[in-house]
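S.K.:
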Amino acid sequence: MNTMHVLYDTGAVAEVETTGDVEDYPLPAGAEVITAEEYAQRLADIQAAQQAAADEVAAQEEQQQSDDYAALLALGVPEATARRMSGYTGPTEEEV
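Take any residue in the sequence shown, note its place counting from 1, add 361, and you have its number in our numbering.
(1) Can you give the beta carbon distance from residue 449 to residue 412, rounded, assuming they're within the 8 Å contact cut?
(2) Given a cut-off of 8 Å, decide if residue 366 and residue 417 are closer than it, judged by their beta-carbon atoms.
(3) Find out if the Cβ-Cβ distance for the pair residue 403, residue 377 is shorter than 8 Å.
(4) In terms of residues, what are the limits of the beta strand (DSSP E) holding residue 375?
(5) Could you tell me which residues DSSP puts in a beta bridge with residue 368?
(6) To which residues of the same chain is residue 447 closer than 7 Å at the C-beta, ignoring the five residues directly before and after it?
(7) Between 408, 439, 383, 409, which has its C-alpha nearest residue 363's C-alpha?
(8) Just checking my contact of residue 392 with residue 370 at CB under 8 Å: how many whole Å lie between their CB atoms?
(9) Give the single residue among 414, 380, 372 whose Cα lies nearest to the Cα of residue 395.
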């Protein structure tokens with residue numbers, strides 16, 4: 362098996378294994394062969410960006426739960442019920 366690393370025009374990367382010569386492998390338009398080191402760096406960058414995006418979504422969800430929890434408490438909903446309804450798992454108002 363021969364391995365090559367490909368960068369697509371979308372910014373995606375792939376590790377391709379072929380039984381033939383790497384030079385004979387047909388690449389889609391805009392794709393190019395890159396080194397294993399470039400592949401590893403680009404893959405790490407993509408994974409870091411994906412993790413950062415996931416962390417941002419989680420932070421937004423946590424903030425929304427906190428806001429919903431506070432709004433429910435302000436309406437007089439009991440604390441335990443407000444937690445269940447909002448999904449909030451942070452500290453109580455007294456603990457903050």
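Think of the CB as a built atom: it goes at the ideal place given N, C-alpha and C, for glycine as much as any other residue. On a predicted model such as this, the values are computed, not experimentally measured, just so you know.
M.R.: On the basis of the supplied data:
(1) The residue given as residue 449 occupies position 88 in the sequence shown. The residue given as residue 412 occupies position 51 in the sequence shown. The C-beta distance from residue 449 to residue 412 rounds to 24 Å, too long to fall under 8 Å, and the pair is not in contact.
(2) Here residue 417 refers to the residue found at position 56 of the sequence shown. Here residue 366 refers to the residue found at position 5 of the sequence shown. Taking the C-beta atoms as reference points, residue 366 is found no nearer than 8 Å to residue 417.
(3) Here residue 403 is taken as the residue at index 42 of the sequence shown, counted from 1. Here residue 377 is taken as the residue at index 16 of the sequence shown, counted from 1. No, the pair does not count as a contact, with Cβ atoms beyond the cut-off.
(4) Taking the first residue of the sequence shown as 1, we reach residue 375 at position 14. Per DSSP, the continuous beta strand (DSSP E) segment holding residue 375 begins and ends at 374 to 379.
(5) Position 7 of the sequence shown holds residue 368. DSSP lists 374, 393 as partners of residue 368.
(6) Locating residue 447 in the sequence shown gives position 86, where the first residue counts as 1. Here the set comprises 426, 429, 430, 433.
(7) As a working mapping, residue 363 is identified with position 2 in the sequence shown. Comparing Cα positions, the closest option is 383.
(8) As a working mapping, residue 392 is identified with position 31 in the sequence shown. As a working mapping, residue 370 is identified with position 9 in the sequence shown. Confirmed, about 7 Å.
(9) Within the sequence shown, residue 395 is the residue found at index 34, counting from 1. It is 372.
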